[in-house]
Amino acid sequence: MSQWPPVPSLTLSSRSTSWLPARSIAAVARDAGTDGMDLDLATRSVVIAGLSREPRLDDSLAGTLDSLWLPLQRRPRCSEAQADRLVQGWISLTRRLDIHRVVIDRDAALRPMGDQDKRPLLLRLQEGIGPATRIAVVIRPGTLEGNRAHLAAMGSLRRTAEEWDFDLALDLFGPVDPRWEAEAALQRILSRLTLVRLGPVGQDGGAAGSRTSRRTLAWLLDQSYPGTLSLVPRTGWRGPMSAASLERRTRTEVRAIADRHQRIFASHLSTTRLASPQER
Numbered sequence: 062m063s064q065w066p067p068v069p070s071l072t073l074s075s076r077s078t079s080w081l082p083a084r085s086i087a088a089v090a091r092d093a094g095t096d097g098m099d100l101d102l103a104t105r106s107v108v109i110a111g112l113s114r115e116p117r118l119d120d121s122l123a124g125t126l127d128s129l130w131l132p133l134q135r136r137p138r139c140s141e142a143q144a145d146r147l148v149q150g151w152i153s154l155t156r157r158l159d160i161h162r163v164v165i166d167r168d169a170a171l172r173p174m175g176d177q178d179k180r181p182l183l184l185r186l187q188e189g190i191g192p193a194t195r196i197a198v199v200i201r202p203g204t205l206e207g208n209r210a211h212l213a214a215m216g217s218l219r220r221t222a223e224e225w226d227f228d229l230a231l232d233l234f235g236p237v238d239p240r241w242e243a244e245a246a247l248q249r250i251l252s253r254l255t256l257v258r259l260g261p262v263g264q265d266g267g268a269a270g271s272r273t274s275r276r277t278l279a280w281l282l283d284q285s286y287p288g289t290l291s292l293v294p295r296t297g298w299r300g301p302m303s304a305a306s307l308e309r310r311t312r313t314e315v316r317a318i319a320d321r322h323q324r325i326f327a328s329h330l331s332t333t334r335l336a337s338p339q340e341r
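Residues in the sequence shown are numbered consecutively from 62, following our numbering.
Shown next as structure tokens:
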């Protein structure tokens, strides 16, 4: 009997809450049945505008962080010395905590960080971190457009990723052009796509990117996507939230994905004719 493809790896994004420390979010990720945590430095209080110093993250997080999202949606204005400290801090953090993937925006990744070192930041990170950690360039929700030019750009980005040996990440936690052709765009980048950050998929409501996230999830599961899905459960109002509440919401997301996966492949199985005893 053939087996169903496995559910993609699931992680919990720190974008889920601004109130809990990284250690608590990592514990929730473990207890809710996910495979680890995604730490987005743009949302953590340990970083001042993304340009202060290496975040204060203790060694207890080693092995629990799947991805580290750098807080650089554009090239920062900083001195050469400050740029060097930032790059070395990210490299040190990644190696110390055994992080599997570093996520960075395209504009920052493909340009020099300072004025003296003319190497693109992507190359500096690849050389400093080593081959054990992958670099993923992220496509943000605000850049997803419903036109042919966007689809051509996705194909071009995939070819650049192949040439420079980096992966692609897709961020769907935010407003997306309702005309965006999810399936067509995903088809163009699927071979390099290793991480997708989803808005809520297991709860009703108008949370940012949730409808697009559900549509994308269905397509990826149908394609037996082998990468990682980063979850941002719907957290309701923006006040303090307990770890227990976040765990409940995360479990809801995990169950919703598992149920959707089961429905897709149960449907595939039911439409497949089983061989008769004479044909076996």
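Glycine included, each C-beta is placed from N, C-alpha and C at the ideal position.
Let me check one thing: in DSSP terms, what residues is residue i bridge-paired to?
i: Val198; result: Ile165, Leu229
i: Leu130; result: Position check: residue 130 holds Trp in this sequence, whereas Leu was assumed. Paired residues: Asp101, Val164.
i: Pro181; result: Pro173
i: Ser291; result: Thr72, Arg258
Are residue i and residue j touching if we call contact CB-CB under 8 Å?
i: Leu345; j: Leu102; result: The first residue shown for the chain is 62 and the last is 341, placing residue 345 beyond what the model contains.
i: Pro192; j: Leu182; result: no
i: Ile196; j: Ile165; result: yes
i: Val198; j: Leu229; result: yes
i: Arg276; j: Ala243; result: yes
i: Met215; j: Thr78; result: no
i: Leu218; j: Ala169; result: no
i: Ile325; j: Leu281; result: no
Since residue i and residue j should fall inside the 8 Å C-beta cutoff, what is the C-beta to C-beta distance between them, to a whole number of angstroms?
i: Thr125; j: Thr95; result: Contact flag wrong, Cβ pair sits at about 10 Å.
i: Pro261; j: Pro294; result: 6 Å
i: Leu233; j: Leu256; result: Not really, about 11 Å apart at Cβ, beyond 8 Å.
i: Ser128; j: Arg162; result: 4 Å
i: Val89; j: Thr311; result: 6 Å
i: Pro69; j: Pro287; result: 7 Å
i: Asp99; j: Ser74; result: 5 Å
i: Leu231; j: Ile200; result: 5 Å
i: Arg321; j: Ala279; result: 7 Å
i: Leu158; j: Leu122; result: 5 Å
i: Asp145; j: Gly189; result: About 11 Å; that fails the 8 Å criterion.
i: Pro82; j: Ser285; result: Not really, about 36 Å apart at Cβ, beyond 8 Å.
Could you please give the first and the last residue of the uninterrupted alpha helix (DSSP H) stretch that includes residue i?
i: Trp151; result: 141-157
i: Ala93; result: Counting along the chain, Ala93 falls outside any alpha helix (DSSP H), and DSSP gives it neither H nor E.
i: Glu244; result: 243-250
i: Asp119; result: Segment: none, Asp119 is in no alpha helix (DSSP H) and carries neither H nor E.
i: Leu281; result: 271-283
> On the three-pair Cβ rule with 8 Å, is the segment 243-257 touching the segment 304-313?
Replying inline: no
> Counting Cβ pairs closer than 8 Å, one from the segment 197-214 and one from the segment 226-242, do we hit at least three?
Replying inline: yes
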